[in-house]
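Residue numbers (full-length UniProt numbering), protein chains in the order written: chain A, 1 to 425; chain B, 1 to 613.
For each residue, glycine too, the CB sits at the ideal point set by N, CA and C.
Report on the structure given below.
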Amino acid sequence: MAPGALLLEAHREYEKSSQKADEYLREIKEQNVLGDAVRQCVEAAAHEYDPDTQKALMRAASFGKCFLTEFSPDQFVTTCRELRVLNAVRESSVGMPLTHTQFKQMTLQVLIDRLVYRQFYPLAIEVCRYLKIPDYQGVSRVLKHWASCKVQQKDLTDEAIARAVCAKVGDSPGVSYSDVAAKAYECGRPELAIKLLDFEARSGEQVPLLLKMKRSQLALSKAVESGDTDLVYTVVTYLKNEMNRGDFFMTLRNQPVALSLYRQFCKLQEPQTLKDLFNQDDDHQELGNFYVTSSYRDKRLEGRLAQLQSAVDEYNKAKNDFAVKATEEEMRLLRFQRKLDDEKGAGLLGLSLQATMEALMSLGLHKQAEQLYRDFRVPDKRYWWLKLKSLAEKEQWEELEKFSKSKKSPIGYLVREAPPLNSPL
Amino acid sequence: MAHSARRDSPELPDLSLLKRLVRDQLIYLLEQLPGKKDLFIDSDLMSPLDRIANVSTLKQHEVDKLYKVEHKPIVSISDQICFLIRPRMQTVKWICDVVNADKAAGKFRRYKIIFTPQKFYACEAVLEEQGVFGDVTTDEWAFYLLPLDEDIISLELPEFFRDNFLAGDQRWVRTAGSALHLLHSLFGPFSKVYGIGRCSKMTYESWREQVEQGEQKARHAEIGNVFLIDRDVDFVTPLCSQVVYEGLVDDIFRIKCGCVEFGPEVTSSDKSIKVMLNSQDKVFNEIRNEHFSNVFGFLSQKARNLQTAYDKRRGMDIQQMKTFVSEELKGLKQEHRLLSLHISASESIMKKKTKQDFQELLKTEHCLLEGFEIRECISFIEEHINRQVSMIESLRLLCLLSVTENGLLPKDFKSLKAQYLQSYGADHLLTFSNLRQLGLLVEQQPGETLTVMESKVGKLVNDRTAVKLTDAFSSLAKKSHFRALSKKLNLVPKSDEEYDLRVPRDMAYIFSGAYIPLSCKIIEQVLERDGWTGLEEVTRLINGHEFAVTGADPKSKSDAQRIILVMFLGGCTFSEISALRFLGKERGYKFIVVTTAITNSSRLLEALLDNNV
C-alpha cells in the first residue's frame with residue numbers, strides 16, 4: 001500500500017476517533033515516508049474532479065503535515081489555490097473541464113486569455129486578484145480586453161460607453177486609452193474614439209490615432225501639448241503631404257511651436273517655402289531679411305542688386321525706415337565698388353564701407369575715398385582716424401601734415417616726444 | 001581663496017560615474033557592428049568624445065580609422081562605416097550623399113549612424129526622402145552629460161541657445177529633460193525643484209513626465225535641490241567682461257571642453273600646448289576663482305613654496321634623496337611645469353588687458369551697470385565702432401547698453417547701428433534683426449526715461465548734484481527693468497566704499513566689486529527664502545514663469561539637502577560658476593552646475609550673427 005493511501009486511511013480513522021489512526025500513522029513513520037505520504041495526498045487531490053474527494057485528500061495531507069517538522073507548505077498552498085480556480089472554471093456556467101495536468105501545461109496566462117476570449121471578465125479579474133498576479137499581466141490586461149469589447153456594443157450610446165470604460169479602468173497602469181480608442185475607431189465609432197482619447201493622460205499617445213482618423217488639427221495641438229518636438233515634427237510632415245498649401249500654412253499659423261519648427265526645416269531644405277510662409281503672414285520684415293540673406297548667395301551683381309531692391313520694397317512695407325536706408329546705401333556702395341573695380345581693378349566688391357575707404361586709401365585713391373566720405377555721410381571722427389592711420393602706415397608724413405592743417409581735427413592730436421631715430425616704430 | 005571654506009560643507013557626488021556609463025554604452029554600440037570599421041565623427045563631437053574614450057579605446061573595439069564628417073566624398077576603403085553625429089538634418093544629408101555616391105559607383109558597404117544624444121524624427125525623414133533609409137541602420141548613444149570638472153557638467157549643445165531662444169525651436173527641451181532625468185535617477189530623488197523661465201518650466205515638465213513613466217526606486221539621495229534657470233532671464237551677466245582668472249582665460253584663449261590651447265605667445269616656443277583646466281591642476285585650482293589682480297600674488301607665493309620644496313634636497317643623505325626622487329620630485333616637476341604655464345598665460349593676459357583701452361572699457365561697463373554718465377558711455381561705444389576695435393566687442397557694448405537702459409533712444413539707436421554697418425558691412429542688418437528679436441538691442445519705447453532726465457539735468461548742474469537729483473527722479477521716471485531689478489536686489493554695491501578684492505565680501509568680486517550677477521543673486525535669494533515669496537516684484541520684472549515644487553520628502557537634514565544642482569538652459573559663464581562657488585563657501589552649500597554649454601560674451605553673440613550665410 002502506498003504511504004499516501006495509508007495516510008488517507010489514518011485520517012479517516014482519526015475522524016471516527018478511532019485508535020487505528022495512530023497505528024497507521026506509526027506504520028508510515030516507521031518507514032520514514034510521512035513526507036512522501038503528504039505529497040502523494042496533495043498530488044492526488046490535484047488530479048481529482050470531485051470537490052469532496054479533493055477535500056478529503058487535502059485534509060489528510062494537512063493531518064499528516066502536523067507530524068512533520070520543517071516541511072515546506074508551498075506545494076500544499078499552491079495546490080489549494082489552483083484547485084479553487086480549477087473548480088471555478090469547471091462550473092457548468094463556465095464549462096472548461098480542465099484537468100490539473102492540462103492546466104499546468106497551458107499555464108495560467110493562457111487560462112486567463114481563454115476566459116477573456118469567452119468574455120468571462122469578472123471571473124478572470126477575480127482569478128487574477130486571487131492568485132495575486134501583478135497588475136500589468138493580470139487585471140489591467142483583462143480590463144484592456146474588456147474595454148475593447150465594450151466599445152463594440154452597438155446598443156449603447158458613445159457617452160454611456162465612455163463613462164463606463166472610464167469608471168472601470170480609471171487610471172490602472174498598463175491600460176492605454178489610445179489602444180481602446182483605436183479599437184473603437186476600427187469598429188467605426190470615431191466619436192467614441194475621440195471621447196476615449198480625452199482620458200489618455202499622455203498626449204503623445206493620442207497623436208498617431210488622431211492622424212489615422214484624419215483629425216490632423218487636433219493631432220497637431222495634442223502633439224504640441226506633449227512638448228515632444230519630435231512628435232510635432234511627425235505631424236507637420238504628415239500634414240504637409242496631406243493638405244493643400246494654403247490650409248497647411250493656416251494650420252501652422254495657429255501653432256507657433258509647430259511653425260517655428262517648420263521654419264527651421266525650411267531654412268535648411270526649402271528656402272522658397274520659407275518665403276511663401278512669410279508672404280502668407282504678410283511678415284514684411286522677415287521677407288526683407290529673407291531677400292537680404294539670399295542676396296549674399298547670388299554671385300552676380302545684377303542678381304544681388306535685384307534681391308536687395310526687393311528687400312527695400314519689403315522693408316518699406318514693414319515701415320522699417322532704418323533698414324530701407326541701410327539697404328539702399330548698400331546698393332549704392334555695391335554700384336560704386338563695381339565701377340571702381342571695372343576702372344581700376346581695385347577688388348572692392350562686397351567690402352564694408354570702412355574697408356572700402358581703407359582699401360582706396362592704401363591704393364592712393366584719396367579722392368574716391370573722400371567722395372565716399374561725403375556721399376555716405378561718414379562721421380568726421382571715423383574719417384579722420386582712418387585717414388591718419390592710413391597716411392601714417394604709408395609714412396606719407398608730408399601728406400599727413402597737409403591734411404592736419406586742412407581742417408580742425410575732430411579727434412585732436414596728442415603731442416609726444418619723437419622717439420630716437422634708430423628705434424623701431 | 002583668501003578666506004577658508006566652512007568646515008561642514010558636504011561632499012560632492014562622484015560625477016565620473018556619468019563618464020563610465022556612457023563609455024560602456026559606446027563600446028556596446030561599437031560592438032554591435034562586429035569587425036573592422038571606420039568611424040566618422042561630427043567635428044564638434046571630437047573633443048567631448050575624447051573625454052569619454054580615447055583613440056586607443058576605440059581601436060580596441062575595432063575602429064580602424066577616424067575621420068571628421070564633412071561635406072565631401074570620403075576616402076575610406078573600409079566596407080563598414082560608422083557615423084557618430086549630432087541629430088542635425090544638414091549632417092544627415094551629407095551622409096545620404098555619401099551613401100548615394102557609393103551606390104552609384106556600385107560599391108557595397110554597411111553603414112551605421114549613431115545619433116547622440118538622441119535621434120530626431122526629422123533626421124530619419126531626411127534619410128527616407130533621400131532614399132537611403134533601408135541602407136543604413138540607426139542607433140542612439142545616450143551621451144547627455146559630460147562632466148567637465150567635479151562640479152561642472154555640460155550638455156555640450158551650444159546650438160541650444162540659438163535654436164531655443166531665437167528660432168523658437170524647442171527640440172532640445174526634451175533633451176534637457178532627459179539629462180535631468182538621468183541625474184535624478186543616479187543622484188536623486190530631488191526634494192525641491194525651483195526654476196525660472198519658460199524653457200525651465202518646459203524642461204521641468206518633460207522631466208516629470210519621464211519620471212512618471214519610469215519606475216521609482218527608493219534610494220539615498222546625493223543631490224537634494226535643483227534650480228533651473230533660462231539664459232534669457234539674465235543677459236547682462238554674460239555680456240560683461242570677465243575678470244576672474246578662469247573667465248579671463250576663456251575670454252582670451254577660449255576653453256574648449258575643459259581644455260585650453262596656449263599658443264606660442266604663452267609657451268614661448270613655436271609649439272602650442274594643450275592643458276586640461278580642472279581641479280586636478282593644483283595651481284589652477286587655487287587661482288581659477290580669483291580676481292585677476294590677485295593672481296600674480298598667488299603665483300609668486302606658489303613659486304616661493306615650490307622653491308622651498310626643491311631646496312629640501314640640500315643636505316639630504318642618499319636614502320632621503322632616494323625617497324625624495326621617487327615620491328616628491330615627480331609631483332613637484334609637474335607643478336613646476338603648470339606654474340610656469342599659468343605665469344606666462346597671466347603675462348600674456350596682462351599684456352592685453354592692462355592697456356589703457358581695457359581700463360576704459362571696464363570703466364564704461366561699470367558706468368552702464370550703475371547707470372551713470374550714459375552719454376559718455378555712448379560716445380565711448382561710438383568711438384569703439386568707428387575705430388573698428390572689434391566687431392564682437394562693439395556689438396557686446398551696444399547690447400549691454402540696450403539691456404541695462406531698456407533700449408536705446410531712437411536717435412542713438414539709428415546712428416549707432418548705421419555706424420556699425422559702415423564699419424562691418426550691411427549684412428549685419430540681419431544680426432540686428434536677430435538681436436532685436438531676442439530683446440538684446442532694441443529701441444526705447446516712447447516715454448521719459450532715466451537717461452533723458454539725467455542728460456537734461458546733467459546740463460544744468462554739476463555731476464554730484466545730478467546724481468542726487470537722478471536718485472530723486474528715479475522714482476518718478478519710467479525706469480529700465482534692469483535698473484529696477486538692480487535696485488530691488490541690490491546688484492550694484494555702493495560705489496563710494498572701497499572694495500578689497502583680496503577679501504571678497506559678496507559675489508560682486510567677480511566683476512571687480514561693481515556688480516553682483518543677476519542670475520546668481522536670484523539663486524541666492526530663492527534658496528534663502530525657500531521659494532519665491534517676497535520676490536513677486538522681481539519675477540514680474542523678469543516676466544518669468546517661476547515655480548517651486550516639493551518632490552520627495554526632505555525629512556532629514558542630510559548633506560544632500562545642501563548640494564544644489566543649478567541647470568542653466570542656454571549656457572552659463574565661468575564667472576557665474578565662480579560666483580556660485582563663492583556663495584557655496586559662504587553658506588555651506590555645494591553647487592553643481594549643469595549647463596547646455598559654457599558660454600561667454602563672444603560665443604553668445606557669435607551665435608546670433610547672421611552674416612556668414
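* To do: Just confirm the distance between the C-beta atoms of Leu-34/A and Gly-4/A, as a whole number of angstroms; I'd bet it's less than 8 Å.
  => The pair is not a contact, with the Cβ atoms about 10 Å apart (cut-off 8 Å).
* Note down, in chain order, every chain B residue with its Cβ under 9 Å from the Cβ of Phe-67/A. => Correct list: empty, because the minimum Cβ distance to chain B is about 44 Å.
* To do: Output, in chain order, the set of chain A residues within a Cβ distance shorter than 7 Å of Ser-423/B.
  => Ser-352, Gln-354
* Taking the alpha carbon of Asp-158/A as the point to measure from, which residue in Trp-146/A, Glu-23/A, Pro-190/A has its own alpha carbon closest? -> Pro-190/A
* To do: Closer than 8 Å by C-beta to Arg-90/A: which residues in its own chain qualify, once you throw out the five before and the five after it? Chain order, please.
  => Tyr-49, Met-96, Pro-97, Leu-98
* Asked: Using CA coordinates, which residue listed in Thr-116/B, Arg-288/B, Ser-390/B, Val-566/B is at the minimum distance from Val-22/B?
  -> Thr-116/B
* To do: Tell me, to the nearest whole angstrom, how far the beta carbon of Lys-282/B is from that of Glu-335/B; I am working on the premise that it is less than 8 Å.
  => 6 Å
* To do: Hey, could you find the ends of the alpha helix (DSSP H) Ser-269/B is sitting in?
  => Unbroken run through Ser-269/B: none, as it is neither H nor E.
* Asked: By Cβ distance below 8 Å, which residues in the same chain neighbour Leu-123/A in space, the five residues on each side in sequence not counted?
  -> Ala-88, Val-89, Val-94, Leu-115
* **chain A residues whose Cβ lies nearer than 7 Å to that of Val-566/B** => Per Cβ cutoff of 7 Å: no residues; Val-566/B is ~22 Å from chain A at best.
* Asked: So, helix, strand or coil for His-47/A, using DSSP?
  -> helix
* Asked: Would you call Arg-562/B buried or exposed, if buried means 16 or more other Cβ atoms sit within 10 Å of its Cβ?
  -> buried
* Using a Cβ-Cβ cut-off of less than 8 Å, give me the residues of the region 378–398 of chain A that come near chain C, in sequence order. => Annotation note: the requested chain C is absent from the structure, which comprises protein chains A and B.
* To do: Using the Cα positions of Phe-253/B and Lys-488/B, report the straight-line distance between them to the nearest angstrom.
  => 36 Å
* State whether the region 517–531 of chain B contacts the region 392–407 of chain B, with contact taken as three or more CB pairs (one from each stretch) at a distance under 8 Å. => no
* Asked: Per DSSP, which one or two residues make a beta bridge with Val-193/B?
  -> Val-226/B, Val-549/B
* With 16 other CB atoms within 10 Å as the buried threshold, where does Leu-17/B fall? -> exposed
* Along chain A, in chain order, which residues have C-beta atoms closer than 8 Å to that of Val-173/B? -> Gly-227, Thr-229
* Asked: For the region 4–56 of chain B, which segments carrying the alpha helix (DSSP H) assignment without a break, of at least 4 residues, lie completely within its bounds, in sequence order?
  -> 16–31, 46–52
* **Check whether Glu-265/B and Ser-346/B have beta carbons under 8 Å apart** => no
* Asked: How would you label Met-567/B, buried or exposed, when you count the other beta carbons within 10 angstroms and need 16 or more for buried?
  -> buried
* Asked: Do you know offhand how far Asn-434/B's Cα is from Leu-409/B's?
  -> 19 Å
* To do: Classify Phe-108/B as buried or exposed, calling it buried when 16 or more other Cβ atoms lie within 10 Å of its own Cβ.
  => exposed
* To do: Verify whether the separation of the beta carbon atoms of Glu-314/A and Leu-334/A is less than 8 Å.
  => no
* Asked: Roughly how many angstroms lie between the CA atoms of Gly-247/B and Asp-375/A, to the nearest whole one?
  -> 44 Å
* Asked: So what's Asp-149/B in DSSP terms, helix, strand or just coil?
  -> strand
* To do: Reducing DSSP to helix, strand and coil, say where Asp-506/B ends up.
  => coil
* Starting from the beta carbon of Met-202/B, find every residue of chain A whose beta carbon is closer than 9 Å, and list them in chain order. => Gly-227
* Asked: Short check: CB of Ala-46/A to CB of Glu-82/A, under 8 Å?
  -> yes
* Within 9 Å of chain A by C-beta, residues of the region 113–133 of chain B in sequence order -> Gln-118, Lys-119, Phe-120, Tyr-121, Ala-122, Ala-125, Val-126, Glu-129
* Neighbour list for Thr-327/A in chain B, Cβ cutoff strictly below 9 Å -> Ala-426, Leu-429
* To do: Taking only the alpha-carbon atoms, compute the straight-line gap between Val-492/B and Asp-163/B and give it to the nearest angstrom.
  => 32 Å
* To do: Please go through the UniProt domain "Vps16 N-terminal" (1–77) of chain A and give each complete alpha helix (DSSP H) segment of 4 or more residues, from N-terminal end onward.
  => 3–15, 20–30, 34–47, 51–65
* To do: Using only the heavy atoms of the ligand FMN, determine whether one of them is closer than 7 Å to the beta carbon of Ser-390/A.
  => Inclusion of the ligand FMN in the displayed structure is not the case, the ligand content being empty and no account of it being possible.
* To do: Thinking Lys-302/B and Leu-339/B are a contact (beta carbons under 8 Å), I'd like their distance in whole angstroms, please.
  => 6 Å
* Contact set between the region 252–272 of chain A and chain B, restricted to residues whose Cβ is under 9 Å from the partner -> Pro-256, Val-257, Leu-259, Ser-260, Leu-261, Arg-263, Gln-264, Phe-265, Lys-267, Leu-268, Gln-269
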